[in-house]
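A.B. asks: Protein chains in written order, with the working numbering: chain A, 50 to 393; chain B, 3 to 336; chain C, 153 to 475.
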Amino acid sequence: MSLTTIDTATSPRRAAGHAYGWRMLGLLSLLLILAWVGLFAWSAIPLSGTQAMQALFSHPTAQVSDVVVRQLRLPRVLVAGLVGACLATAGALMQGLTRNPLASPGVFGVNAGAALGVALVSTYAGWMGVMGQSSAAILGGGVAWTLVMLLGAAWRPGADKGRLVLAGVAVAALCGALTKASIILAEDQAAGVLTWLAGSVANARWTVWYNLWPVATAGLLAALALAPSLNILAVGDEQARNLGMRLGWVRLAVGIVVLVLVSASVVAAGSIAFVGLLVPHMARALFGIDHRKLLPACCLLGAALVMAADILGRAVAFPSETPAGAVLALIGAPWFIYMVRSRT
Amino acid sequence: MSDLTCPSRHRQLTLSPLQQRVWLLAGLLLIAIIANLCLGAVDLTLTQVWQGLSAEGEQYFTVHEYRLPRIALAIGVGAMLATAGVLVQGVIRNPLASPDILGVSQGAGLAAVSLMTLWPHASIQLLPWAALAGGFSAAVLLWLVCGSKAPPIRMALTGVALAALYSSTIDFLLLTRPLDINNALLWLTGSLWGRGWQQLYTLLPWLILLPAALWLSHRLNLMGLGDDSATCLGVRAPRVRLLALALAVGLTSAAVSLCGPISFLGLVSPHLARQLVGGRHQRLLPVAMLVGAVLLLIADLVARIIHPPIELPAGIMTALIGAPYFLWLLLKLR
Amino acid sequence: MIFSRFVSSPRPTALSLNTSCFTGLQRRLAAALALMALTLLGSLPAQALTVTDARGSFTIDHVPQRVVALENSFVDALAAVRVSPVGVADDNQPERLLPEVREATGPWQSVGTRSQPSLEMIAALKPDLIIADTSRHAGVYNELRKIAPTLMLQSRRETYADNLKSAAIIGEVVGKKAEMQARLQHHQALMASYARQLPQGKVVQFAVARENTLYLHTPDSYAGGVIQSLGLKVPSVSATDQQESRQISLEQMLAINPDYLVVGTYAGNSIVQQWQTEPLWQALTAVQNNHVYTVDGNAWVRSLGILAAEHMGADLVRIFTQP
Numbered sequence: 050m051s052l053t054t055i056d057t058a059t060s061p062r063r064a065a066g067h068a069y070g071w072r073m074l075g076l077l078s079l080l081l082i083l084a085w086v087g088l089f090a091w092s093a094i095p096l097s098g099t100q101a102m103q104a105l106f107s108h109p110t111a112q113v114s115d116v117v118v119r120q121l122r123l124p125r126v127l128v129a130g131l132v133g134a135c136l137a138t139a140g141a142l143m144q145g146l147t148r149n150p151l152a153s154p155g156v157f158g159v160n161a162g163a164a165l166g167v168a169l170v171s172t173y174a175g176w177m178g179v180m181g182q183s184s185a186a187i188l189g190g191g192v193a194w195t196l197v198m199l200l201g202a203a204w205r206p207g208a209d210k211g212r213l214v215l216a217g218v219a220v221a222a223l224c225g226a227l228t229k230a231s232i233i234l235a236e237d238q239a240a241g242v243l244t245w246l247a248g249s250v251a252n253a254r255w256t257v258w259y260n261l262w263p264v265a266t267a268g269l270l271a272a273l274a275l276a277p278s279l280n281i282l283a284v285g286d287e288q289a290r291n292l293g294m295r296l297g298w299v300r301l302a303v304g305i306v307v308l309v310l311v312s313a314s315v316v317a318a319g320s321i322a323f324v325g326l327l328v329p330h331m332a333r334a335l336f337g338i339d340h341r342k343l344l345p346a347c348c349l350l351g352a353a354l355v356m357a358a359d360i361l362g363r364a365v366a367f368p369s370e371t372p373a374g375a376v377l378a379l380i381g382a383p384w385f386i387y388m389v390r391s392r393t
Numbered sequence: 003m004s005d006l007t008c009p010s011r012h013r014q015l016t017l018s019p020l021q022q023r024v025w026l027l028a029g030l031l032l033i034a035i036i037a038n039l040c041l042g043a044v045d046l047t048l049t050q051v052w053q054g055l056s057a058e059g060e061q062y063f064t065v066h067e068y069r070l071p072r073i074a075l076a077i078g079v080g081a082m083l084a085t086a087g088v089l090v091q092g093v094i095r096n097p098l099a100s101p102d103i104l105g106v107s108q109g110a111g112l113a114a115v116s117l118m119t120l121w122p123h124a125s126i127q128l129l130p131w132a133a134l135a136g137g138f139s140a141a142v143l144l145w146l147v148c149g150s151k152a153p154p155i156r157m158a159l160t161g162v163a164l165a166a167l168y169s170s171t172i173d174f175l176l177l178t179r180p181l182d183i184n185n186a187l188l189w190l191t192g193s194l195w196g197r198g199w200q201q202l203y204t205l206l207p208w209l210i211l212l213p214a215a216l217w218l219s220h221r222l223n224l225m226g227l228g229d230d231s232a233t234c235l236g237v238r239a240p241r242v243r244l245l246a247l248a249l250a251v252g253l254t255s256a257a258v259s260l261c262g263p264i265s266f267l268g269l270v271s272p273h274l275a276r277q278l279v280g281g282r283h284q285r286l287l288p289v290a291m292l293v294g295a296v297l298l299l300i301a302d303l304v305a306r307i308i309h310p311p312i313e314l315p316a317g318i319m320t321a322l323i324g325a326p327y328f329l330w331l332l333l334k335l336r
Numbered sequence: 153m154i155f156s157r158f159v160s161s162p163r164p165t166a167l168s169l170n171t172s173c174f175t176g177l178q179r180r181l182a183a184a185l186a187l188m189a190l191t192l193l194g195s196l197p198a199q200a201l202t203v204t205d206a207r208g209s210f211t212i213d214h215v216p217q218r219v220v221a222l223e224n225s226f227v228d229a230l231a232a233v234r235v236s237p238v239g240v241a242d243d244n245q246p247e248r249l250l251p252e253v254r255e256a257t258g259p260w261q262s263v264g265t266r267s268q269p270s271l272e273m274i275a276a277l278k279p280d281l282i283i284a285d286t287s288r289h290a291g292v293y294n295e296l297r298k299i300a301p302t303l304m305l306q307s308r309r310e311t312y313a314d315n316l317k318s319a320a321i322i323g324e325v326v327g328k329k330a331e332m333q334a335r336l337q338h339h340q341a342l343m344a345s346y347a348r349q350l351p352q353g354k355v356v357q358f359a360v361a362r363e364n365t366l367y368l369h370t371p372d373s374y375a376g377g378v379i380q381s382l383g384l385k386v387p388s389v390s391a392t393d394q395q396e397s398r399q400i401s402l403e404q405m406l407a408i409n410p411d412y413l414v415v416g417t418y419a420g421n422s423i424v425q426q427w428q429t430e431p432l433w434q435a436l437t438a439v440q441n442n443h444v445y446t447v448d449g450n451a452w453v454r455s456l457g458i459l460a461a462e463h464m465g466a467d468l469v470r471i472f473t474q475p
C-alpha cells in the first residue's frame, strides 16, 4: 500500500547499478555548471565566466570582480547548495517517516513555526541578535512539527494522509496569523521579516557558511546512516517490527535529524518552502525508492534546485534581487497542485 | 417540527440545558453589543449612547455612524464565516477543515493585494469587488482542477495546494513592492476598521445565503452518515456537496471582500457550537452563527480597547483567541 | 434553486453600487451649485475659501481652530506656520516626529496609527478640519467628512516639490496664507544657502539600514528630491525603476558606488555594522574616503515637509563641512 503511493512510474529495480552511476554523474555535472553560472550571472558588477574561474583558481587579487566572486558569490552559491541539500533530504526523511507523499517541512508547518520564532524574536527581542533568531527558529520549528504530528495522529497505523496535511495547514495558519500580527505591530520590521520569511541567500557570507556546514554535514551523514531503517519502515509497521526494528527509536532519530536539517537551513537562509516537497518526488522518479540511493540524489537535486532558484531570483527583476524562496514558491506551488491530483 | 425528521440518536439531548445554553449565548451577544457601543477610544455611558442614536445627539457620529454599523457588520460577517465553516466541515467530514482550505480567502487576498500593489492609484472602492471576484475565481479554479466527482479529502488537499499558490504569489508581490507591505498586510489580517453603513448595505444581499444554508441542514445531517447511507436515504450526495460548498464560497467571498480574511473564525465557531448543542445542523447552524457573531464582536472590541487610540486588526484578535482554543480542542479530539 | 439565488445575488449589489455613485455625484453637483449660489450672493463674508485638493475642490467657510493631521508631513506644514494640531496620527510615538516640529507646536492628542487612525478619537476631539492622506485614508474619506471638513492631500510617495505645494495649500486653508508664503520664501532662501555651502554635482546616496536589510532611496523619493534640490546628484538603482526605495545587496551597492553614503538608522542593530566587517565594504569609494555618515532615520524617512527638508539640508552641510 505504502509502496504504491510512494512509487513512481519507474520500477525501482531497473534503476540499479550502472544507470544510477551515470545519472548521478549527470546530476553532479549539472550542479557544477549551475554553481559556475551562479558565480557570475546577473551581477550588478559586470562579471564574466572566465573572470569567475580566474578568481577561483588563480592568485587572489584586490580587483573588485575578484573580491565579489570570492567574498559574495562563492559563499552564496555554497550556502544555496547546502541549504537545498538539507531541505530536500529533510523532505525525503519526512515522507519516508510518515509514508505521506505530501510530507515536507513547508506543508507540515515546520517552516511556519520557525518563521514565527524569528518574527517574534526580531520584533520583540531584537537585542538577542542572530543567536536568538537561530534558537527561536529551531524552537518554533520543533514545536510546530510536534504539534502537527500529535494532531495528525501520525503514529497510528493507517493514519489518514489528509488529516496529517490538514493538521499541518492548521498549524501553519496559526503560526502565519501570529507572524502577521507581530509584523503589523512592529511596522518597521515588516519588509525585513517578510524577506526572511520567503527565504533568501543574498546575505549569505562565509560566516554563514562556517556556521552551516558542520551541522548540515552531520545531519546529512546521519540521514544516510538512517537510510536502511527508512527502507524497512516503508514496508509497514507490522513487517518492520517483525524484522526486529525498534520503531519508536527510529522515528525519534529521524525526527531529530529532520529538525536539525531544517533548523540549520532556516537559520542560514530563512524558510525556503517547497524544496522538501518537490525534490524527493523528482529523485524517486529518477533513482527509485531505495533510500540509500535516494538520499544522495536528493542532496544533489535539492542543491541544484535552490542554486537555480537563486540565479532566477536575480534575473527576474534585475538589477534588484528577488528572494530565492519566493521564486521557488512560485515554481513549487503548481507542482504541489499536480502532486495532490496525482498522488492522493 | 424538524425533530420528527432527525435520526433518533439525537433525541438523547434533553432540551432544557440546551435552551439554557442558547439563551446564555444570546445574552452574551447582547452584552457584547452593548459593550461595543459603550467602550472604545472614548468611553460612553448608556445615556450618551441613547442620545447618540438621534441625529441631534452629541455623540451621533461615534454611536450611530461608527460603532453601530461596525457592530452590525461584525455580527453579519461573524455569522457568515461561521456558517461557511459549518458547511465545509459538514461536507468534508473533517474537523480540521475550514473555509480557508477552499483557497477562497487566499484567492480574494491575491486579488486585493494585486490591486493594491500593481495599481496603487486605483480607487479604494474597487477593493471589495476585486476581492469578491478573486474569491469566486478561486472557487471556480478549484472546481476545474478537482472535477465535481473528487472525494472530499482530495478536494480539501487541492484547495490547500491552490491556497499555497495564491499565498506565494502574494508574498512575491509584497516582496517586489516593499512600500505597500503594511497596507496589504493590514488588509490580509482582516479588520473592521473604517467600515460603515455603506459596507453594511453591500453585505445585506448576501445574508440571504444564511437561510439557504439552514434549508440544507437536514440533508447535511444525512450526509454526516456517509455518502452511501445518505444516498440510501434519498440524498443526492454529490449535488448536496456542491450546493453546500457553493454556499460556503459565496459566504466566505462576501465576508472576506468587505473585512479581509478574518482567520480562525470559520474554523473555531463550528467547533464551539458543536460543543454547545451537538451536531444536528438545524441547531448547529444558528448557534454557530451566534458564536461567530459573538467572537468577532469580542475580537473587535478587544482590538479597539486594548491600547487606545491604536486600533489593531480584529483578525489578530480572532487568531489570538481562536488558535489556542482550537489546538486544545484538537488535542482533546485526538 | 439555491444555485439560481446564488448566481443572481450579485446583481442587486452591483446596482446598489451604481446608485451610490450616482447619489454621490448628485450630492457633489448639489454642493457645487450651492457653493456657486453662495459665492454669487456674497451672503458670506469673504471667508469662504476654495482650494484644489486630491478630491477636486475643497471649500471651508471658517478659519479652523481645531485641526487633526493624519500624516507627519501635514504636522510639519502646520508647525511651519505655528498652528498646533489638536490630534495627530503619530502611531502613539510622538518621538517619531521631528523635534523641531514638536517644539513649534503644542502637545497634541494621539489618534492612533497613520494606517488605521481611531475615528472615535478624532470625533471626540471635535475638530473643524481634518487633513488626510490620499492613499491611506481614501477608504474612510466619507466617515471623516461626517466628522469635519476633510482636506485630502498626498503625503505618502510625495516628492519634495509636491510637498511644498501641499504645504502652501495647508497654509491657505488654516488661514495663514501670508505667513506660509513668507515661510516658504524663507525656506527657499535657506535651502539655497545650504546649497552654496555644498559641493555641487557630488553623488550622494541616501540609504535606510534595518537590522538585516538596506534600502536605497532613489531620485524619485522624497529624500532623493531634497538632495537633488541642494545641487547634489542621486544615483538611480536602474533606469526603469519607478520605486522610491529598493532593497539592495552589497553587490549592488558596489555597482552604484556613490561618492557619499548617508545612512539613516533607527535604534537597534543595523546591517551596516555587519557589512563594515567585510572586505568588499572597504572597496566602496565612500568608505575609502571616509564618506559614510549616519543620520537619524526618523528625520530622514518618516518626516516629510519644510522643517524636515531643512533638517536634512543642515545634516548634509554638517556632513560636507566637517573636517
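Ideal Cβ positions, reconstructed from N, Cα and C, are used throughout, including at glycine.
(1) Name, going along the chain, the residues of the segment 105–137 of chain B whose beta-carbon falls closer than 7 Å to a beta-carbon of chain C.
(2) I want to see whether chain A comes within less than 8 Å of Val162 (chain B), judged by CB atoms only; does it?
(3) Using a C-beta cutoff of 8 Å, does Ile94 (chain A) count as contacting chain C?
(4) Can you say whether His330 (chain A) is buried or exposed, counting buried as having 16 or more other CB atoms within 10 angstroms of its CB?
(5) Using 10 angstroms around the beta-carbon of Asn442 (chain C), count the other beta-carbons present and answer buried if the total reaches 16, otherwise exposed.
(6) Does Trp145 (chain B) come within less than 8 Å of chain C when only Cβ atoms are used?
(7) Quick check: does the Cβ of Pro351 (chain C) come within less than 7 Å of any heavy atom belonging to the ligand PLP?
(8) For the beta strand (DSSP E) containing Val415 (chain C), list its first residue and its last residue.
(9) From the DSSP output, in three-state form, read off Phe210 (chain C) for me.
(10) Please confirm if Phe63 (chain B) has its CB atom under 8 Å from at least one CB of chain A.
(11) Sort out for me which residues DSSP pairs Thr446 (chain C) with in a bridge.
(12) Let me make sure I understand the geometry here. Which of B:Ala214, B:Pro263, B:Trp208 and B:Arg197 has the alpha-carbon closest to that of Asn294 (chain C)?
(13) On the three-state DSSP scale, how would you describe Met294 (chain A)?
(14) Just verifying my parser: in three-state terms, what is the DSSP assignment at Ala232 (chain B)?
(15) When you compare each of B:Leu218, B:Val142 and B:Val296 to Val93 (chain B) by their alpha carbons, which one comes out closest?
(16) Taking only the alpha-carbon atoms, compute the straight-line gap between Leu459 (chain C) and Arg248 (chain C) and give it to the nearest angstrom.
(17) Can you give the beta carbon distance from Thr138 (chain A) to Leu213 (chain A), rounded, assuming they're within the 8 Å contact cut?
(18) Are there 16 or more other CB atoms within 10 angstroms of the CB of Leu177 (chain C), so buried, or fewer, so exposed?
(19) Taking the Cβ atom as the reference point for each residue, do Leu167 (chain B) and Ile380 (chain A) lie within a distance shorter than 8 Å?
(20) Report all residues from its chain with a CB closer than 8 Å to the CB of Arg156 (chain B); omit the five preceding and five following residues, and keep chain order.
(21) Can at least three beta-carbon pairs, one atom from the segment 336–355 of chain A and one from the segment 364–376 of chain C, be found at a separation below 8 Å?
(22) If you scan the segment 173–231 of chain B from start to end, which runs of the alpha helix (DSSP H) of 4 or more residues do you find wholly inside it?
(23) Just to make sure I have the definition right: I need the residues of chain B whose C-beta is within less than 8 Å of the C-beta of Gly291 (chain C). Which are they?
(24) Is the Cβ-Cβ distance between Ala114 (chain B) and Trp189 (chain B) less than 8 Å?
(25) How many angstroms separate the CA atom of Pro410 (chain C) from the CA atom of Ala358 (chain A)?
(26) How many angstroms separate the CA atom of Gln182 (chain A) from the CA atom of Gly304 (chain A)?
(27) Can you tell which of A:Ala251, A:Val156 and A:Ala161 has its C-alpha closest to the C-alpha of Gly325 (chain A)?
(28) Starting from Thr266 (chain A), trace the alpha helix (DSSP H) both ways and give me its first and last residue.
(29) Rounded to whole angstroms, what's the CA-CA distance from Val414 (chain C) to Gln349 (chain C)? Just pull it up for me.
(30) Could you work out which residues of chain A lie near Ile323 (chain B), taking near to mean beta carbons separated by less than 9 Å?
(31) In terms of residue numbering, what span does the alpha helix (DSSP H) encompassing Ile321 (chain A) cover?
(32) Could you tell me whether the Cβ of Met188 (chain C) comes closer than 8 Å to any Cβ of chain B?
(33) For Pro431 (chain C), decide whether its Cβ has a neighbour in chain A, counting only Cβ atoms nearer than 8 Å.
(34) Name the chain B residues that come within less than 8 Å of Lys298 (chain C), Cβ to Cβ?
(35) So, Val304 (chain B) versus Met319 (chain B), is the Cβ gap smaller than 8 Å?
C.D. replies: In this structure, then:
(1) Pro122 and Ile126
(2) To locate residue 162 (chain B), count along the second sequence from 1; it is residue 160. Taking Cβ atoms only, chain A reaches closer than 8 Å to Val162 (chain B), which makes this a yes.
(3) The count along the first sequence starts at 1 and reaches residue 94 (chain A) at position 45. So yes, Ile94 (chain A) belongs to the interface.
(4) For the purposes of this step, residue 330 (chain A) is identified with residue 281 of the first sequence, where counting begins at 1. That one is buried.
(5) Taking the third sequence and counting its residues from 1, the one referred to as residue 442 (chain C) is at position 290. That one is exposed.
(6) Within the second sequence, numbered from 1, the residue matching residue 145 (chain B) stands at position 143. It does not; no Cβ of chain C falls within 8 Å.
(7) As far as ligands go, the structure on display features none, and thus does not contain the ligand PLP.
(8) Here residue 415 (chain C) refers to the residue found at position 263 when the third sequence is read from its first residue. Run containing Val415 (chain C): Tyr412 to Thr417, per the beta strand (DSSP E) assignment.
(9) Position 58 of the third sequence, counting from 1, holds the residue named residue 210 (chain C). Three-state result, Phe210 (chain C): strand.
(10) Mapped onto the second sequence, residue 63 (chain B) falls at position 61. Chain A contact via Cβ: absent.
(11) Your numbering for residue 446 (chain C) matches position 294 in the third sequence. The partner list for Thr446 (chain C) (beta bridge, DSSP) reads C:Val415.
(12) In the third sequence, residue 294 (chain C) corresponds to position 142, counting from 1. Ranking B:Ala214, B:Pro263, B:Trp208 and B:Arg197 by Cα distance to Asn294 (chain C) puts B:Arg197 first.
(13) Within the first sequence, the letter at position 245 stands for residue 294 (chain A). In the structure shown, Met294 (chain A) sits in coil (DSSP, three-state: anything other than H, G, I, E or B).
(14) Sequence index remark: in the second sequence, residue 232 (chain B) carries index 230 (1-based). Helix at Ala232 (chain B).
(15) Residue 93 (chain B) sits at position 91 when you count from the first residue of the second sequence. Of B:Leu218, B:Val142 and B:Val296, the residue nearest in Cα terms is B:Leu218.
(16) Position 307 of the third sequence, counting from 1, holds the residue named residue 459 (chain C). Position 96 of the third sequence, counting from 1, holds the residue named residue 248 (chain C). Cα to Cα, Leu459 (chain C) sits roughly 14 Å from Arg248 (chain C).
(17) Here residue 138 (chain A) refers to the residue found at position 89 of the first sequence. Here residue 213 (chain A) refers to the residue found at position 164 of the first sequence. Rounded, the Cβ-Cβ distance is 20 Å, inconsistent with contact.
(18) For the purposes of this step, residue 177 (chain C) is identified with residue 25 of the third sequence, where counting begins at 1. For Leu177 (chain C), the predicted model reports a pLDDT of 49, less than 50, meaning its position is unreliable; a value from the coordinates is still stated below. It is exposed - the Cβ of Leu177 (chain C) has fewer than 16 other Cβ atoms within 10 Å.
(19) The residue you call residue 167 (chain B) lines up with position 165 of the second sequence. The residue you call residue 380 (chain A) lines up with position 331 of the first sequence. No. Outside cutoff.
(20) As a working note, residue 156 (chain B) is residue 154 in the second sequence. Within the same chain, Arg156 (chain B) has close Cβ partners Cys148.
(21) no
(22) 183–191, 199–205, 211–217 and 219–225
(23) By one-based count along the third sequence, residue 291 (chain C) stands at place 139. Per Cβ cutoff of 8 Å: Ile126, Leu129 and Gly196.
(24) As a first step, residue 114 (chain B) must be located in the second sequence, where it is residue number 112. As a first step, residue 189 (chain B) must be located in the second sequence, where it is residue number 187. Taking 8 Å as the Cβ cut-off, Ala114 (chain B) and Trp189 (chain B) qualify as a contacting pair.
(25) Position 258 of the third sequence, counting from 1, holds the residue named residue 410 (chain C). Position 309 of the first sequence, counting from 1, holds the residue named residue 358 (chain A). If I take the Cα positions, the gap works out to 30 Å.
(26) Translated into positions along the first sequence, residue 182 (chain A) becomes position 133. Translated into positions along the first sequence, residue 304 (chain A) becomes position 255. Using only the alpha carbons, I get a separation of about 21 Å.
(27) For the purposes of this step, residue 325 (chain A) is identified with residue 276 of the first sequence, where counting begins at 1. Selected option, being the one with the closest Cα: A:Val156.
(28) By one-based count along the first sequence, residue 266 (chain A) stands at place 217. Run containing Thr266 (chain A): Trp255 to Ala283, per the alpha helix (DSSP H) assignment.
(29) Here residue 414 (chain C) is taken as the residue at index 262 of the third sequence, counted from 1. Here residue 349 (chain C) is taken as the residue at index 197 of the third sequence, counted from 1. Distance between the alpha carbons of Val414 (chain C) and Gln349 (chain C): 17 Å.
(30) The residue labelled residue 323 (chain B) in the question sits at position 321 within the second sequence. Here the premise fails: no neighbours, minimum Cβ distance about 11 Å.
(31) As a position in the first sequence, residue 321 (chain A) is number 272, starting the count at 1. First-last for Ile321 (chain A): undefined, no H or E at that position.
(32) Locating residue 188 (chain C) in the third sequence gives position 36, where the first residue counts as 1. Confidence at Met188 (chain C) is low in this model, with a pLDDT of 49, below 50, so its placement is unreliable and no value can be given for it.
(33) Residue numbering aside, residue 431 (chain C) sits at position 279 when the third sequence is read from its first letter. Pro431 (chain C) counts as touching chain A.
(34) What you label residue 298 (chain C) is simply residue 146 of the third sequence in a count that begins at 1. Under the 8 Å cutoff, chain B gives Phe63 and Glu67.
(35) Residue 304 (chain B) sits at position 302 when you count from the first residue of the second sequence. Residue 319 (chain B) sits at position 317 when you count from the first residue of the second sequence. Contact flag set, yes.
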